[in-house]
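> FYI, full-length UniProt numbering numbers position 101 of the sequence shown as 101, with every residue one higher than the one before it.
Every residue gets a Cβ at the ideal spot worked out from N, C-alpha and C, and that includes glycine.
What follows is a single structure, and I will ask about it in a moment.
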Amino acid sequence: MTTTSDRQITTVVSDFLDAQKESIVAQWADSPFFRSVAQDSDQAAGDSAEVLRGIRRAIAAGDADSPAADGFNDLRSLLTALASQLDGNEGVSPRTAVEVSDLKKPLLRLWQETADAELLTAGALLLSSAVDTLRLVLVESALASAKETLAIQREQLTELSTPVIKLWDGVLAIPLIGTLDSMRSQVATESLLQSIMTHQAKVAILDITGVPTVDTMVAQHLLKTAMAARLMGAECVISGIRPQIANTMVQLGIDLGEVATRARLADALAYALNRLGLQVGSSAGPGVV
């Protein structure tokens, strides 16, 4: 709960920001933080004015030191965009933090020129605190943006690492490579089911040649994928069952049930073609005895 003196300072500083708005915006618009990313002076002035409105709103509410204040929350999208452009999408650098802190200079200079002596120190501390909070909000917004970008990139890499390949009319294959975590397993299943529907496939091959180990979790994923494909009208074949994996599965008591398995992808493809009523064989060329 603020005291009467605190409320007075808050009111006076808020009025100061209103009265000096044009001067503050003009000086901020020419600062490195805004000038470096603005396409023209009008954009720099507009960004400066928006930041000033946010700060003024936080101060008026008595929340100059709270990053969660409505005034600062209004600025998060703008601050993230500014920081991203300023640092070449590399996040908030020490340089950016310094340039935000430099926004204090015109505020404090104008405040010293116009403020009453008895409120000079308290008002300067309030303005300084507001800019420090602005810098903290900038860092938080940039970190949140970076986290979101990493999540999107991870999802894209996961999708690229689980491609669905059309081997023949009605036959699909999905080569699984590396360790299968829950996210990759989910993406692989969804991609396969979507491709089954798109291509009206009858047989889907899950090739685990590139999977280093098969434990209970991986086996459960394979079974669930096979069951889901069956519900879509396609049969699943698991290929790439190496001797080590076969031995591990036996020791773990893993039973793939009625799911067909083959040691090699070529064998799985031959099985798939046979299920479609096609036969794979060798033919002798001309002149071959």
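1) Hey, how far is the Cα of M232 from the Cα of N247?
2) Do the segment 67-77 and the segment 120-140 make contact, defined as three or more Cβ pairs closer than 8 Å?
3) Taking 8 Å as the limit between beta carbons, can you name the residues of its chain near R275, skipping five residues before and five after?
4) For M217, count neighbouring Cβ atoms within 10 angstroms of its own Cβ and tell me buried if that reaches 16, exposed if not.
5) Would a C-beta distance cut-off of 8 Å place L206 and I238 closer than the cut-off?
6) Under 8 Å Cβ to Cβ from Q200, same chain only, skipping five residues before and after it: list those, please.
7) Please list, in chain order, all residues of the same chain as R57 whose beta carbon is under 8 Å from its beta carbon, the five residues on each side excluded.
8) When you compare the CB positions of G240 and I208, do they come within less than 8 Å of one another, or not?
9) Can you check which of these residues, V100, D215 and M227, is closest to L35 by C-alpha distance?
10) Could you check where the alpha helix (DSSP H) with E113 kicks off and where it finishes?
11) Would you give the residue range spanned by the beta strand (DSSP E) that A173 belongs to?
12) Here's the rule I'm using: 16 or more other beta-carbon atoms within 10 Å means buried, otherwise exposed. How should P175 be labelled?
To lay it out plainly:
1) 31 Å
2) yes
3) K202, V203 and E235
4) Taking every protein chain shown into account, the CB of M217 has fewer than 16 other CB atoms within 10 angstroms, so this residue is exposed.
5) yes
6) G170
7) A69, D70, G71 and D74
8) yes
9) With the sequence shown as reference, residue 35 is identified as Arg, and Leu is not the correct amino acid for it. It is V100.
10) K104 to T114
11) V171 to I177
12) buried
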